[in-house]
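Student: Under our numbering, the first residue of the sequence shown is numbered 8, with each subsequent residue one higher. All residues carry an ideal CB built from backbone N, CA and C; glycine is no exception. Before we start, here is the structure in question, set down as structure tokens.
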Amino acid sequence: MPIIGHTGKMAFGWAVGESGDTVLALQAWERAKETFRQLDILYAGMIMHHDRDSVYTGYEWTSQLLLKDGLRVSYAL
């Protein structure tokens with residue numbers, strides 16, 4: 008499960024597992040945050056865009072991104 012930058016298509020974070028669940032998504036996000044810190048990129052205020060799968064609409068994912076990390080969330084139609 009990758010976290011990919013829109014403009015440069017760089018994979019900032021990723022995680023591999025048996026199924027694409029919330030735990031896996033959060034692992035990928037933690038790796039992405041570490042990459043952002045290493046590159047001195049501020050991620051607060053960024054827009055995270057993805058599909059409307061339950062992984063990305065659930066409380067655990069949205070609270071991490073919106074409340075704890077200060078991102079904005081966008082969903083595909």
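Let me know if Y82 comes out buried or exposed under the rule of 16 or more other beta-carbons within 10 Å of its beta-carbon.
Tutor: So Y82 counts as exposed.
Student: Could you please give me the residues that DSSP links to A18 through a beta bridge?
Tutor: Note: A18 sits in a beta bridge opposite I11.
Student: Could you name the residues of the same chain whose beta carbon sits closer than 6 Å to that of L31, not counting the 5 residues immediately before and after it, in chain order?
Tutor: M8, A22 and G24
Student: V80 by DSSP, collapsed to three states: which one?
Tutor: strand
Student: Please classify Y63 as buried or exposed, where buried requires at least 16 neighbouring CB atoms within 10 angstroms.
Tutor: buried
Student: By how many angstroms is the C-alpha of D47 removed from the C-alpha of E67?
Tutor: Their Cα atoms are separated by approximately 26 Å.
Student: Going along the chain, which residues of its own chain have a beta-carbon closer than 7 Å to the beta-carbon of A35, five neighbours each way excluded?
Tutor: For A35, the CB contacts under 7 Å within the same chain, skipping 5 residues up- and downstream, are M8, P9, I10, G20, W21 and A22 in chain order.
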